[in-house]
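Numbering (full-length UniProt numbering), first residue to last: 1 to 423.
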């Protein structure tokens, strides 16, 4: 089977790395890929935005399945184009991806279907939004409705922060088109986790419960990022709570989408707050998570091709889906991230880190320059590790990180701290 993965980050490197292990895959492409992916796939020099060119490449090269990694191509309709041309692709069409691309749409869907989520209001102009804040008070969460690369949700514990968030989005247009519509919702308290499922209409394969770390710095300080590390499974989520989240949120969302005439296919990855009133949706995502995928792939025992085709092949058994133990991912970032950061800095030590047991280093913001691997992004590398215990997996990730270096490199030192407290 000939497979193409679209994307250039650590998430896509992890998917390529796992697909390369499948005995069913005879040829593997990555578009555009990165230096890490080049070790196990043929990189195709096409941008993720070149939908027609990518579809033409798939036709000419007999691609049997394309897996789309990032959210932006999904939201902008790459799946629609591939399917119109009779090409098989894993991911939601643009109507399904609106669950992530429009928080206003997602909130309205959940409200109408009775899916548990924070109370909210939607605004197009700053005046009414600011008036609502004065009436409602803080704390609240102010969200850009559109896709803002994981950085468009501002937790405002006081009115000053909330007002500034509204002005950033609706007056100063800091988030561009993503912030043209703003959702203000009640602040939820509890532990935030994610549930991930492979979906086909109302059928779904429950995959994993994970916990991500969004803030740039230790102890959840600093700005929101695309994610600084994750781990799975989550020790404080028991089997009954997991079943409840999949039943009341994942299954209910798929049914609500079907009722609207939008059969959802691909990955539904939902951030959930475990509140005193029960699990409540923070937001939906419609693709593999990053950095969750890296932790999942080092733990995955099943052939990934079977997972993404679960509805068409023999049923995948959950009891044999994973290796025993835990998976952890740790992001190594450039100085200044998630703001401005330097590029072109030499990277050293990846080979030594990859030699550690249970460890694999996935490339995110890297490139080859005059024969030297250099930085090109904010999140540069993702160190993933598997261990029999969460402590062992975490220790292995940090041990590997110490072997890697580039100027200004930083990472969080408290990944999986909630899980370790419980373990």
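C-beta: ideal position from N, C-alpha, C; glycine also.
Excluding five sequence neighbours on each side, which residues of the same chain lie with their C-beta closer than 8 Å to the C-beta of residue i?
i           : result
residue 40  : 16, 17, 20 and 28
residue 107 : 117, 120, 122, 183 and 185
residue 171 : 126
residue 246 : 195, 197, 204 and 206
Name the two residues that bound the continuous alpha helix (DSSP H) containing residue i.
i           : result
residue 99  : 94-101
residue 384 : Note, residue 384: premise wrong, no alpha helix (DSSP H); beta strand (DSSP E) at 379-387.
residue 369 : It is not in any alpha helix (DSSP H) - residue 369 instead sits in the beta strand (DSSP E) that spans 366-369.
residue 132 : 126-136
residue 19  : 10-19
residue 411 : First-last for residue 411: undefined, no H or E at that position.
residue 400 : 390-401
residue 85  : Here residue 85 belongs to no alpha helix (DSSP H), and DSSP marks it neither H nor E.
residue 7   : It is not in any alpha helix (DSSP H) - residue 7 instead sits in the beta strand (DSSP E) that spans 2-7.
residue 148 : No alpha helix (DSSP H) holds residue 148; DSSP gives it neither H nor E.
From the DSSP output, read off the bridge partner residues of residue i.
i           : result
residue 332 : 381
residue 25  : BP columns for residue 25 are empty, so no partner.
residue 123 : 182
residue 42  : 29
residue 154 : 142
residue 341 : Per DSSP, none; premise fails for residue 341.
In angstroms, rounded to a whole number, what distance separates the CA positions of residue i and residue j?
i           : j           : result
residue 355 : residue 331 : 18 Å
residue 113 : residue 255 : 9 Å
residue 149 : residue 344 : 22 Å
residue 388 : residue 271 : 26 Å
residue 239 : residue 369 : 48 Å
residue 307 : residue 159 : 45 Å
residue 336 : residue 360 : 25 Å
residue 132 : residue 298 : 46 Å
residue 51  : residue 92  : 15 Å
residue 174 : residue 168 : 5 Å
residue 400 : residue 217 : 19 Å
residue 309 : residue 43  : 23 Å
residue 316 : residue 156 : 42 Å
residue 415 : residue 8   : 24 Å
residue 177 : residue 153 : 15 Å
residue 166 : residue 281 : 22 Å
residue 94  : residue 78  : 8 Å
residue 249 : residue 241 : 11 Å
residue 164 : residue 223 : 15 Å
residue 258 : residue 48  : 28 Å
residue 244 : residue 124 : 35 Å
residue 286 : residue 349 : 34 Å
So, at 7 Å on beta carbons, what are the nonlocal neighbours of residue i in its own chain, with the 5 sequence-adjacent residues on each side left out?
i           : result
residue 203 : 311
residue 376 : 343, 365, 366 and 367
residue 378 : 333, 334, 337, 338, 341 and 365
Kindly list the residues whose CB is nearer than 6 Å to the CB of residue i, restricted to its own chain and excluding five residues on each side of it in sequence; keep chain order.
i           : result
residue 263 : 201
residue 301 : 322 and 323
residue 275 : 188 and 190
residue 63  : 2 and 4
residue 196 : 207, 208 and 269
How would you write the range of the beta strand (DSSP E) that residue i sits in, first residue to last?
i           : result
residue 284 : 278-285
residue 216 : 215-217
residue 243 : Taken as a continuous stretch (DSSP letters only), residue 243 belongs to no beta strand (DSSP E), being part of the alpha helix (DSSP H) at 239-245.
residue 362 : 359-363
residue 222 : 221-224
residue 66  : 65-68
Ordered list of beta strand (DSSP E) runs contained in the stretch 169-210, each at least 3 residues
182-186 and 191-200
Just to confirm the assignment: which complete alpha helix (DSSP H) runs, minimum length 4, are found wholly within the stretch 252-324?
252-259, 292-299 and 304-308
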